[in-house]
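Under the numbering used here, the first residue of the sequence shown is numbered 3, with each subsequent residue one higher.
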Amino acid sequence: KAPIARLADKISGIFVPVVITIAVVATAFWLLLGYDLEFALSIGIAVLVISCPCALGLATPTAIMVGTGRGAANGILLKSAEAIETAGVIDTVVLDKTGTVTEGKPVVTDIVPTAPGTEMELLTLAASLEKLSEHPLGAAIVQEAEKHVLEFNKVDDFTQTPGQGISGSISEIRHLAGNAKMLSVEGIVNSLDEQAKAFAAEGKTALFFARGKELVGLIAVADVIKPSSPQAVAELERMGVEVIMLTGDNAQTAEAVRRQAGINKVVAEVLPQDKEREIRSLQEQGKKVAMIGDGINDAPALARA
């Protein structure tokens, strides 16, 4: 039962015996005054009919059932009756970016190899690695390679590092794909940093690719925001709900999406466990937090909210 239904039952448990007692006293009172039994009973029955809180016990679960039904009709699945009640006190909504604020169907916009004229070689290398990844940005690179009918290389020893990128061996040489943080951790000189920042200012995400300790290029991928996102953010803010966006993307890309969606606050370059920590930090400030996201990366934050 939802907390409000338990409260209604508790009130009924106290109220019903009290009302019955009042009805009996009222009947006895009019009998003692010399009125006939029919009149005295009608008084007692009137007290019961008007005061007995049957409706309280019935109306609460009925309202919850109607709310659940209306939600289902609008494509909203509710975990429990308690979830409906909790939704009413939410004052902060935290949004993931990819697939939540944005379409989640990114496309390749730019291919920038470090060696001139090797765009297709870079795309082949990138797609071979990203084919084993489940990230939407990786899927966009694979689709671009398929569009050019490129043949994928065999990748061995594939590994995935949350918040950084992926790696694998092609022809027994270790190759890397990921963000600027990955390059820094691996000690690879980032000669395309300025280019990546320029793309980020346009709302594009730059993915870097390296062979061993050598940077071979970057591929820019853009994920447009959903047409409904600005409206959804505006409606939440009209309801007095604070909207925050959390993303693993770099700060410039996140800022571009924040402006387009009309969100007031964004926290960028966060690892999956950092998202969970941000939710916990908000809760410790006394806020009732809802998290909206998808994918494995958001699981800790979704569980915490």
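Where a beta carbon is used, it is the ideal one built from N, C-alpha and C, also for glycine.
Check: Is H150 buried or exposed, if buried means 16 or more other CB atoms sit within 10 Å of its CB?
Finding: H150 comes out exposed.
Next item on the list: Please state whether DSSP places P63 in a helix, a strand or coil.
Entry: helix
Next item on the list: Assign G189 to buried or exposed, taking buried as 16 or more other Cβ atoms, counted over all protein chains shown, within 10 Å of its Cβ.
Entry: So G189 counts as exposed.
Next item on the list: Taking all protein chains shown into account, decide if R72 is buried (16 or more other Cβ within 10 angstroms of its Cβ) or exposed.
Entry: Label assigned to R72: exposed.
Next item on the list: Can you give me the Cβ contacts of G242 inside the same chain, cut-off strictly under 8 Å, excluding the 5 residues immediately before and after it?
Entry: D93
Check: For V226, which residues from the same chain have a beta carbon less than 6 Å from its beta carbon, with the 5 sequence-adjacent residues on both sides left out?
Finding: The beta carbon of V226 sits closer than 6 Å to those of E105, all from its chain and outside the five residues before and after it, given in chain order.
Next item on the list: Determine the burial state of L39: buried for a count of at least 16 other Cβ atoms within 10 Å of its Cβ, exposed for fewer.
Entry: With fewer than 16 Cβ atoms within 10 Å of its Cβ, L39 is classed as exposed.
Check: Who are the Cβ neighbours of A208 in its own chain at under 7 Å, not counting the five residues just before and after it?
Finding: A198, F201, A202, L220, A222
Check: Just curious, the alpha helix (DSSP H) that G46 is in, first and last residue?
Finding: 39–53
Margin query: How far does the alpha helix (DSSP H) with Q162 in it extend, from its first residue to its last?
Written below: Unbroken run through Q162 is the beta strand (DSSP E), 158–163; no alpha helix (DSSP H).
Margin query: For a minimum of 4 consecutive residues, which ranges assigned as the alpha helix (DSSP H) are wholly contained in the region 160–245?
Written below: As far as the region 160–245 is concerned, its whole alpha helix (DSSP H) runs of at least 4 residues are 182–188, 195–203, 231–240.
Notebook entry, point to check: Looking only at its own chain, which residues have a Cβ that is under 7 Å from the Cβ of A42, when we skip the five neighbours before and after it?
Noted result: T29, W32, L33
Check: Would DSSP call T94 helix, strand or coil?
Finding: strand
Next item on the list: Helix, strand or coil for D112, going by three-state DSSP, please let me know.
Entry: Three-state DSSP puts D112 in a strand.
Next item on the list: Under 7 Å Cβ to Cβ from A25, same chain only, skipping five residues before and after it: list those, please.
Entry: G46, V49, L50
Next item on the list: Go ahead and label N252 buried or exposed: buried means 16 or more other beta carbons lie within 10 angstroms of its beta carbon, across all protein chains shown.
Entry: buried
Checklist line | Opening and closing residue of the beta strand (DSSP E) in which A4 lies | finding: For A4, there is no enclosing beta strand (DSSP E), as DSSP gives it neither H nor E.
Next item on the list: Determine the closest residue to L139 out of D159, A224, K81, with distance taken between C-alpha atoms.
Entry: Closest by C-alpha distance to L139, out of D159, A224, K81, is A224.
Margin query: Strictly by DSSP, which residues pair up with M247?
Written below: Residue pairing by DSSP puts M247 in a beta bridge opposite L97, V268.
Notebook entry, point to check: In terms of residue numbering, what span does the alpha helix (DSSP H) encompassing V144 cover?
Noted result: 138–149
Check: Does the separation of the CB atoms of P108 and A65 fall below 7 Å?
Finding: no
Checklist line | Spatial neighbours of E244 in its chain, beta-carbon cut-off 6 Å, leaving aside the 5 residues before and after | finding: T94
Check: What is the rounded straight-line gap between the Cα of E123 and the Cα of A117?
Finding: Linking E123 to A117 through their CA atoms gives a straight-line distance of about 10 Å.
Next item on the list: Measure the C-alpha to C-alpha separation of R279 and A303 and round it to an integer number of angstroms.
Entry: 8 Å
Next item on the list: To the nearest angstrom, report how far apart A128 and I175 are at their CA atoms.
Entry: When rounded, the distance between both Cα atoms is 14 Å.
Check: Under a three-way DSSP split, which group does T120 fall into?
Finding: coil
Notebook entry, point to check: In terms of DSSP beta bridges, what is I13 paired with?
Noted result: According to DSSP, which records beta bridges pairwise, I13 is partnered with nothing at all.
Next item on the list: State yes or no: is the C-beta of L152 within less than 7 Å of the C-beta of T126?
Entry: yes
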